[in-house]
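> Taken in sequence, the protein lines are chains V and U. Numbering-wise, the first sequence is residues 35 to 239 according to the working numbering. Numbering-wise, the second sequence is residues 35 to 239 according to the working numbering.
Protein chains: 2
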Amino acid sequence: MRRRADARRLEILSAAARVFRRCGYADTSMREIAAEADLSSGNLYHYFSGKHELLFFCQDRALARMHSALESARDSGTSVLEQTRSVIESHVRCMLDEFEGATAHLQVEALPEELRQQIIEKRDAYEQAIRQLIVNGVEQGEFAACDARLVTRAILGAANWTAMWFRPEGEQSANDVAIALAGYLVNGLIYGGELSVPRTRAAIS
Amino acid sequence: MRRRADARRLEILSAAARVFRRCGYADTSMREIAAEADLSSGNLYHYFSGKHELLFFCQDRALARMHSALESARDSGTSVLEQTRSVIESHVRCMLDEFEGATAHLQVEALPEELRQQIIEKRDAYEQAIRQLIVNGVEQGEFAACDARLVTRAILGAANWTAMWFRPEGEQSANDVAIALAGYLVNGLIYGGELSVPRTRAAIS
């Protein structure tokens, strides 16, 4: 019974993520989510108290998946470079697979304060862990010296942005995008020439 | 007279961009924009017919600035690498300077269809021009072989994402961020090792 209810909740979360993605969080009603999940509205409220709760669990699930990919990478015993590559690839797949993670990961400002705070803390911990990976890579000589905080945000920005342009009906699969993007972003970490040291100069534009 | 009216319109656009940024486009009223621009509501309508028009001109201006930085870079006679670096730096400065470009550049979906189409066309042309820059770099041997479309989107994603995390009161200026980010993103283009060729492999996560 318990297991069946859990499976049902997961199905509902997937359905909610699809509708959020299609119509935008603000324009989605519980009625539409119920229809997508093949439930009556009353039955939907039996599982989730409202849209906020659904968005919260979507985000929580996406973040749990990202954290777990990060832990697997760290435990893999491979080089920091391969760990970083694997984390980026997993992040992109999580953003694009079934188009679920994206809404989940991006619309955090739609949550009420208390729920938002929980998500932001997990997101910060995730960002912090990636940053530590990059610091380790620099310390172990695998990566060129860099501003690890900024580079982490660049990586997450490029990875999150895929949700804005990826089309599942396009030529590249989510996995193709994940691999190519991670390849490019990892390249930027290992190049150790003069270019990796930012020059100070006056603004041009 | 004409010049004074143009200057006034620019001041109003700046004021509108500040309010959009602070309160979000959806939650901003013409009355608030008028207050920020130190005008009466009636006077504001003398210059702009409504919020849509203000958002359109904000976006149009940000894109014009980005296009013009791109043309300056192309005309500079420097290496493709330096042109690319300069374009990325200018893009980030445009996103972060006075916090104007950001709202302008990101909220395109809030525009009515006809206006949105004009902005999307200019944005596509801009993306296409950056892609061409990267293709040139590869053809001329300055950059490693890469998927130019994907790399362009990675660059724009990382650059646009700065608006999500940059705080003007923080340690780094907009220009610091622009230089460091461009340095990292350009590094990824020049590394020519095995890593720049995406490997095909099964998804892990």
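Glycine included, each C-beta is placed from N, C-alpha and C at the ideal position.
(1) Under 8 angstroms Cβ-Cβ, which residues of chain V neighbour U:L184?
(2) Quick check: what's the CA-CA separation for U:G111 versus U:E105?
(3) Please decide whether U:A163 counts as near chain V, where near means a Cβ-Cβ distance under 9 angstroms.
(4) Cβ atoms of U:D131 and U:A192: under 9 angstroms apart, would you say?
(5) Measure from the alpha carbon of U:N170 to the alpha carbon of each residue in U:R43, U:Q117, U:G76, then state which is nearest.
(6) Return helix, strand or coil for V:E45, following the three-state DSSP convention.
(7) In this structure, does DSSP put V:D61 in helix, strand or coil?
(8) Using the Cα positions of U:T62 and V:D40, report the straight-line distance between them to the nearest angstrom.
(9) What are the residues of the stretch 145-173 of chain V that lie near chain C, defined by any Cβ-Cβ distance shorter than 8 angstroms?
(10) On the CB-based measure, 16 or more other CB atoms within 10 Å of its CB, does U:A242 come out buried or exposed?
(11) Taking only beta-carbon positions, decide if U:T62 is within less than 9 angstroms of chain V.
(12) Nearest to U:E123 by alpha carbon, out of U:Q141, U:D210, U:L223?
(13) If you measure from the beta carbon of U:L47 to each beta carbon in chain V, is any gap under 9 angstroms?
(14) Would you kindly work out how many angstroms separate the C-alpha atoms of V:D72 and V:S83, rounded to a whole number?
(15) Flag V:T118 as yes if its beta-carbon sits less than 9 angstroms from any beta-carbon of chain U, otherwise no.
(16) For V:L44, count the other beta carbons within 10 Å of its own beta carbon; 16 or more makes it buried, fewer makes it exposed. Which is it?
(17) Leaving out five residues on either side along the sequence, give the residues of the same chain with a beta carbon under 8 angstroms from the beta carbon of V:E143.
(18) By alpha-carbon positions, which one of V:R37, V:L215, V:L97 ends up nearest to U:A188?
(19) Quick one: Cα of U:I153 to Cα of U:Q93, how far?
(20) Please tell me whether V:R187 has its Cβ less than 9 angstroms away from any Cβ of chain U.
(21) Cβ closer than 9 angstroms: which chain V residues qualify as neighbours of U:C180?
(22) Near V:I224, which residues of its chain fall below 8 angstroms by C-beta distance, leaving aside the five closest residues on each side in sequence?
(23) Taking Cβ-Cβ distances shorter than 7 angstroms, what residues in chain V pair up with U:Y225?
(24) For the candidate residues V:Y218, V:A50, V:L184, whose alpha-carbon lies nearest to that of U:T186?
(25) Tell me, please, whether the CB atom of V:L190 is closer than 9 angstroms to any CB atom in chain U?
(26) Starting from V:N194, find everything on chain U with Cβ-Cβ shorter than 8 angstroms and list it in chain order.
(27) For V:S113, count neighbouring C-beta atoms within 10 Å of its own C-beta (all shown protein chains included) and say buried if the count is 16 or more, exposed if not.
(28) Spatial neighbours of U:L78 within its chain, please: C-beta separation below 8 angstroms, excluding the five flanking residues on both sides.
(29) Looking only at its chain, what residues have a beta carbon closer than 6 angstroms to the beta carbon of U:F91, apart from the 5 residues adjacent to it on each side?
(30) Between V:R157, V:R108, V:E148, V:A51, which has its C-alpha nearest V:L97's C-alpha?
(31) Can a CB atom of chain U be found closer than 9 angstroms to the CB of V:M35?
(32) So, for V:A163: in the same chain, excluding its five sequence neighbours on each side, which residues have a beta-carbon less than 6 angstroms away from its beta-carbon?
(33) At the 9 angstroms Cβ level, is V:V231 part of the contact set with chain U, yes or no?
The structure says:
(1) Stepping through the second sequence from its first residue, residue 184 of chain U is reached at position 150. Simply Q206, V211, A214, L215, Y218.
(2) Mapped onto the second sequence, residue 111 of chain U falls at position 77. Mapped onto the second sequence, residue 105 of chain U falls at position 71. Rounded to whole angstroms, U:G111 to U:E105 spans 11 angstroms at the Cα level.
(3) The count along the second sequence starts at 1 and reaches residue 163 of chain U at position 129. Taking Cβ atoms only, chain V never reaches closer than 9 angstroms to U:A163, which makes this a no.
(4) Within the second sequence, the letter at position 158 stands for residue 192 of chain U. Within the second sequence, the letter at position 97 stands for residue 131 of chain U. Going by C-beta atoms, U:A192 is not nearer than 9 angstroms to U:D131.
(5) Numbered from its first residue, the second sequence carries residue 170 of chain U at position 136. Ranking the options by Cα distance to U:N170, first place goes to U:Q117.
(6) The residue labelled residue 45 of chain V in the question sits at position 11 within the first sequence. DSSP places V:E45 in helix when its eight states are reduced to three.
(7) Here residue 61 of chain V refers to the residue found at position 27 of the first sequence. Three-state DSSP puts V:D61 in coil, outside helix and strand.
(8) One-based indexing of the second sequence puts residue 62 of chain U at position 28. One-based indexing of the first sequence puts residue 40 of chain V at position 6. Roughly 41 angstroms separates the two Cα atoms.
(9) Protein chains V and U are contained in the structure displayed, whereas chain C is not.
(10) Beyond the ends of chain U as shown, which are 35 and 239, falls residue 242 of chain U; an answer cannot be given.
(11) Reading the second sequence from its first residue, position 28 is the one you call residue 62 of chain U. Not closer than 9 angstroms to any Cβ of chain V, the Cβ of U:T62 fails to qualify, so no.
(12) For the purposes of this step, residue 123 of chain U is taken as residue 89 along the second sequence, with counting starting at 1. When each option's Cα is compared against that of U:E123, the closest is U:D210.
(13) For this step, residue 47 of chain U is matched to residue 13 along the second sequence. No, no contact with chain V.
(14) Counting from one through the first sequence, the residue named residue 72 of chain V turns up at place 38. Counting from one through the first sequence, the residue named residue 83 of chain V turns up at place 49. Straight-line Cα distance between these residues: approximately 17 angstroms.
(15) Position 84 of the first sequence, counted from the start, is the residue given in the question as residue 118 of chain V. It does not: the Cβ of V:T118 has no partner Cβ on chain U nearer than 9 angstroms.
(16) For the purposes of this step, residue 44 of chain V is identified with residue 10 of the first sequence, where counting begins at 1. Counting Cβ neighbours within 10 Å, V:L44 comes out exposed, since fewer than 16 surround it.
(17) Position 109 of the first sequence, counting from 1, holds the residue named residue 143 of chain V. Closer than 8 angstroms at the Cβ level, and outside the excluded window around V:E143, lie R150.
(18) Within the second sequence, numbered from 1, the residue matching residue 188 of chain U stands at position 154. Checking every option, the nearest Cα to that of U:A188 belongs to V:L215.
(19) Numbered from its first residue, the second sequence carries residue 153 of chain U at position 119. Numbered from its first residue, the second sequence carries residue 93 of chain U at position 59. Each residue's Cα considered, the two are about 7 angstroms apart.
(20) Sequence index remark: in the first sequence, residue 187 of chain V carries index 153 (1-based). Interface residue, yes.
(21) Here residue 180 of chain U refers to the residue found at position 146 when the second sequence is read from its first residue. Residues of chain V passing the Cβ test: A214, G217, Y218, N221.
(22) On the first sequence, position 190 is the one that residue 224 of chain V refers to. The residues are L115, E176, F177, A178.
(23) Mapped onto the second sequence, residue 225 of chain U falls at position 191. Neighbours of U:Y225 on chain V, chain order: N221, I224, Y225.
(24) The sequence position of residue 186 of chain U within the second sequence is 152, counting from 1. Of the listed residues, the one whose Cα sits closest to U:T186 is V:Y218.
(25) What you label residue 190 of chain V is simply residue 156 of the first sequence in a count that begins at 1. Closer than 9 angstroms: yes.
(26) Translated into the one-based positions of the first sequence, residue 194 of chain V becomes position 160. Chain U residues near V:N194: G191, W195.
(27) Against the first sequence, residue 113 of chain V aligns to sequence position 79. The residue is exposed, with fewer than 16 neighbouring Cβ atoms inside 10 Å.
(28) To locate residue 78 of chain U, count along the second sequence from 1; it is residue 44. Taken in chain order, the residues that qualify are I46, M64, I67, A68, A71.
(29) For the purposes of this step, residue 91 of chain U is taken as residue 57 along the second sequence, with counting starting at 1. Only L47 meet the Cβ criterion.
(30) Sequence index remark: in the first sequence, residue 97 of chain V carries index 63 (1-based). If we check each option's Cα against that of V:L97, V:R157 comes out closest.
(31) Translated into the one-based positions of the first sequence, residue 35 of chain V becomes position 1. No, its Cβ sits nowhere closer than 9 angstroms to a Cβ of chain U.
(32) Taking the first residue of the first sequence as position 1, residue 163 of chain V is located at position 129. Cβ within range, chain order: L104.
(33) Numbered from 1 along the first sequence, position 197 holds the residue referred to as residue 231 of chain V. At V:V231, the pLDDT of 39 sits below 50, so the modelled position is not reliable; the number obtained from the coordinates is stated separately. Output row for V:V231: interface = yes.
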